[in-house]
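Let me begin by presenting the structure, written as C-alpha coordinates, before commenting on it.
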Amino acid sequence: FCERHSEVCELRLRQLEGGFALDDYDAVVISGSQWMLSSEEPPEWLITFIRGIRLPTLGICFGHQLLARSFGTDVMRGELVEKDETIEIVSPWPLFAGLGSQCVMRESHREFLSPERVHAAGWLVGATSASCPVEAIRHPTLPLFGVQFHPERSGPPGEIVFSSFYRVVESYLHDRKKQ
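The sequence shown: position 171 = 181 (this note's numbering), numbered continuously.
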(Lines of atoms letter the chains of each structure in order from A and count residues from 1; the text may use other names and numbers.)
(Lines give C-alpha, C1' and ligand atoms only; values in the text may rest on other atoms or scores of the structure.)
Protein backbone atom coordinates (compact mmCIF):
# COMPACT_ATOMS: atom_id res chain seq x y z
CA PHE A 1 0.00 0.00 0.00
CA CYS A 2 2.60 2.55 1.09
CA GLU A 3 4.83 1.81 -1.88
CA ARG A 4 1.97 2.59 -4.25
CA HIS A 5 0.48 5.61 -2.56
CA SER A 6 2.82 7.56 -0.35
CA GLU A 7 6.11 8.42 1.21
CA VAL A 8 6.34 7.17 4.78
CA CYS A 9 8.10 8.68 7.77
CA GLU A 10 8.26 6.11 10.57
CA LEU A 11 8.62 7.42 14.12
CA ARG A 12 8.57 5.86 17.56
CA LEU A 13 6.23 7.46 20.11
CA ARG A 14 9.13 8.57 22.29
CA GLN A 15 10.44 10.62 19.33
CA LEU A 16 7.34 12.81 19.64
CA GLU A 17 8.18 13.96 23.16
CA GLY A 18 8.90 17.67 23.10
CA GLY A 19 6.67 18.13 20.07
CA PHE A 20 6.68 17.17 16.43
CA ALA A 21 5.31 19.35 13.63
CA LEU A 22 2.92 17.63 11.25
CA ASP A 23 2.88 20.56 8.80
CA ASP A 24 4.64 18.64 6.02
CA TYR A 25 2.49 15.52 6.33
CA ASP A 26 -0.85 14.55 4.81
CA ALA A 27 -1.96 11.84 7.23
CA VAL A 28 -1.03 9.90 10.35
CA VAL A 29 -1.16 6.14 11.00
CA ILE A 30 -0.64 4.95 14.58
CA SER A 31 0.09 1.24 14.62
CA GLY A 32 0.20 -1.47 17.25
CA SER A 33 2.38 -1.63 20.35
CA GLN A 34 3.11 -3.84 23.33
CA TRP A 35 2.11 -0.93 25.61
CA MET A 36 -0.86 -1.82 27.83
CA LEU A 37 -2.96 1.31 28.22
CA SER A 38 -5.21 -0.45 30.75
CA SER A 39 -2.34 -0.55 33.24
CA GLU A 40 -0.11 2.37 32.23
CA GLU A 41 -1.46 5.85 31.52
CA PRO A 42 0.00 7.64 28.52
CA PRO A 43 2.11 10.68 29.43
CA GLU A 44 0.44 14.07 29.21
CA TRP A 45 2.71 15.19 26.34
CA LEU A 46 1.45 12.25 24.26
CA ILE A 47 -2.21 12.97 25.02
CA THR A 48 -1.63 16.62 24.07
CA PHE A 49 0.03 15.58 20.81
CA ILE A 50 -2.78 13.16 19.90
CA ARG A 51 -5.48 15.71 20.76
CA GLY A 52 -3.75 18.24 18.51
CA ILE A 53 -3.81 16.08 15.38
CA ARG A 54 -6.05 17.58 12.70
CA LEU A 55 -4.89 15.43 9.78
CA PRO A 56 -6.67 12.27 8.67
CA THR A 57 -5.52 9.64 11.15
CA LEU A 58 -5.91 5.88 11.26
CA GLY A 59 -5.22 4.19 14.58
CA ILE A 60 -4.67 0.43 14.40
CA CYS A 61 -5.09 -1.72 17.54
CA PHE A 62 -2.98 0.21 20.08
CA GLY A 63 -3.37 3.31 17.89
CA HIS A 64 -7.16 2.89 18.00
CA GLN A 65 -7.03 2.62 21.79
CA LEU A 66 -4.62 5.56 22.14
CA LEU A 67 -6.84 7.84 20.03
CA ALA A 68 -9.89 7.06 22.15
CA ARG A 69 -7.97 7.16 25.45
CA SER A 70 -6.57 10.60 24.57
CA PHE A 71 -10.14 11.88 24.29
CA GLY A 72 -11.36 10.44 27.59
CA THR A 73 -12.38 6.84 27.04
CA ASP A 74 -11.26 3.83 29.07
CA VAL A 75 -9.15 0.94 27.81
CA MET A 76 -10.13 -2.39 29.36
CA ARG A 77 -8.01 -5.53 29.71
CA GLY A 78 -9.45 -8.90 28.75
CA GLU A 79 -8.50 -12.29 27.38
CA LEU A 80 -6.01 -12.55 24.54
CA VAL A 81 -7.77 -12.57 21.15
CA GLU A 82 -5.55 -13.99 18.42
CA LYS A 83 -7.61 -15.12 15.42
CA ASP A 84 -9.44 -14.16 12.28
CA GLU A 85 -12.72 -12.54 13.29
CA THR A 86 -15.92 -11.69 11.43
CA ILE A 87 -16.38 -7.93 11.67
CA GLU A 88 -19.89 -6.48 11.43
CA ILE A 89 -19.88 -3.08 9.70
CA VAL A 90 -22.65 -1.08 11.42
CA SER A 91 -21.98 2.35 9.84
CA PRO A 92 -21.28 2.90 6.13
CA TRP A 93 -18.23 5.14 6.60
CA PRO A 94 -15.87 5.91 3.71
CA LEU A 95 -13.24 3.85 5.56
CA PHE A 96 -15.33 0.73 4.88
CA ALA A 97 -16.20 1.45 1.23
CA GLY A 98 -16.22 -1.82 -0.68
CA LEU A 99 -16.41 -4.15 2.34
CA GLY A 100 -20.15 -4.76 2.54
CA SER A 101 -21.81 -5.46 5.88
CA GLN A 102 -19.28 -8.09 7.02
CA CYS A 103 -15.63 -8.93 6.50
CA VAL A 104 -13.01 -11.11 8.14
CA MET A 105 -10.04 -9.35 9.74
CA ARG A 106 -7.10 -10.49 11.86
CA GLU A 107 -7.36 -9.81 15.59
CA SER A 108 -4.38 -9.73 17.94
CA HIS A 109 -5.11 -7.91 21.18
CA ARG A 110 -5.72 -8.24 24.88
CA GLU A 111 -7.18 -4.77 25.42
CA PHE A 112 -10.32 -3.14 24.08
CA LEU A 113 -12.36 0.03 24.45
CA SER A 114 -15.24 0.35 26.89
CA PRO A 115 -18.36 0.82 24.71
CA GLU A 116 -20.09 2.96 27.33
CA ARG A 117 -17.12 5.33 27.63
CA VAL A 118 -16.66 5.48 23.85
CA HIS A 119 -20.24 6.68 23.45
CA ALA A 120 -20.00 9.02 26.47
CA ALA A 121 -16.88 10.64 24.96
CA GLY A 122 -18.79 11.27 21.72
CA TRP A 123 -17.00 8.79 19.47
CA LEU A 124 -19.06 7.01 16.82
CA VAL A 125 -18.86 3.21 16.57
CA GLY A 126 -18.67 1.82 13.04
CA ALA A 127 -17.98 -1.88 13.52
CA THR A 128 -18.32 -4.61 16.11
CA SER A 129 -17.57 -8.32 16.49
CA ALA A 130 -18.30 -11.25 18.78
CA SER A 131 -15.02 -10.73 20.64
CA CYS A 132 -14.91 -6.93 20.68
CA PRO A 133 -17.90 -4.56 20.94
CA VAL A 134 -15.92 -1.60 19.55
CA GLU A 135 -14.00 -2.70 16.44
CA ALA A 136 -13.97 0.73 14.80
CA ILE A 137 -14.40 4.32 15.94
CA ARG A 138 -14.66 7.70 14.29
CA HIS A 139 -14.34 11.11 15.91
CA PRO A 140 -17.54 13.15 15.36
CA THR A 141 -15.80 16.30 14.05
CA LEU A 142 -12.17 15.43 13.27
CA PRO A 143 -10.86 13.04 10.57
CA LEU A 144 -9.77 10.49 13.18
CA PHE A 145 -10.51 6.78 12.72
CA GLY A 146 -9.51 3.77 14.77
CA VAL A 147 -9.78 0.03 14.16
CA GLN A 148 -9.13 -2.67 16.75
CA PHE A 149 -8.41 -5.28 14.06
CA HIS A 150 -5.22 -5.45 12.00
CA PRO A 151 -5.88 -4.53 8.35
CA GLU A 152 -2.16 -4.89 7.60
CA ARG A 153 -2.44 -8.62 8.46
CA SER A 154 -5.86 -9.27 6.90
CA GLY A 155 -5.18 -9.75 3.19
CA PRO A 156 -7.57 -8.25 0.60
CA PRO A 157 -10.14 -6.87 3.10
CA GLY A 158 -7.33 -5.05 4.90
CA GLU A 159 -6.04 -3.66 1.61
CA ILE A 160 -9.54 -2.28 0.99
CA VAL A 161 -9.42 -0.46 4.35
CA PHE A 162 -6.04 1.10 3.51
CA SER A 163 -7.18 2.10 0.01
CA SER A 164 -10.33 3.61 1.50
CA PHE A 165 -8.26 5.53 4.05
CA TYR A 166 -6.11 6.82 1.19
CA ARG A 167 -9.28 8.13 -0.50
CA VAL A 168 -10.27 9.80 2.81
CA VAL A 169 -6.87 11.53 2.79
CA GLU A 170 -7.25 12.57 -0.86
CA SER A 171 -10.68 14.05 -0.12
CA TYR A 172 -9.32 15.90 2.91
CA LEU A 173 -6.44 17.35 0.85
CA HIS A 174 -8.82 18.34 -1.96
CA ASP A 175 -11.12 20.12 0.51
CA ARG A 176 -8.16 21.83 2.18
CA LYS A 177 -6.94 23.21 -1.17
CA LYS A 178 -10.38 24.78 -1.75
CA GLN A 179 -10.17 26.74 1.51
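Quick reminder that beta carbons are idealized off the backbone N, C-alpha and C, glycines included.
Straight across, the Cα-Cα distance linking residue 134 with residue 28 is about 31 Å.
Residue 104 holds the alpha-carbon nearest to the alpha-carbon of residue 173 among 100, 88, 87 and 104.
In the DSSP assignment, residue 169 falls within the unbroken alpha helix (DSSP H) covering 166-188. Residue environment analysis places residue 72 among the buried positions, since at least 16 neighbouring C-beta atoms fall within 10 angstroms of its C-beta. Distances from the alpha-carbon of residue 93 to those of 49, 169, 186 and 158 put 158 closest. Close CB contacts of residue 76 within its chain, under the 7 Å cut and outside five residues either way in sequence, are with 40, 47, 52, 60 and 69 (chain order). Beta-carbon to beta-carbon, residue 109 and residue 150 are separated by about 22 Å, too far to satisfy the 8 Å threshold. The C-beta distance from residue 96 to residue 139 rounds to 6 Å, short enough to meet the 8 Å contact threshold. Counting along the chain, residue 39 sits inside no alpha helix (DSSP H); it lies in the beta strand (DSSP E) bounded by residues 38-40. Judged by DSSP in its simplified three-state form, residue 63 adopts coil rather than helix or strand.
Pairing residue 178 with residue 143 gives a Cβ-Cβ distance that is not under 8 Å. Between residue 146 and residue 136 the beta-carbon gap is near 4 Å, inside 8 Å, which marks them as a contact. Cβ-Cβ distances below 6 Å link residue 155 to 68, 105 and 148 in the same chain, with the five nearest sequence neighbours on each side left out; the list follows chain order. Residue 58 sits in a helix when the DSSP states are folded into three classes.
Taking C-alpha positions only, residue 100 is separated from residue 111 by approximately 7 Å.
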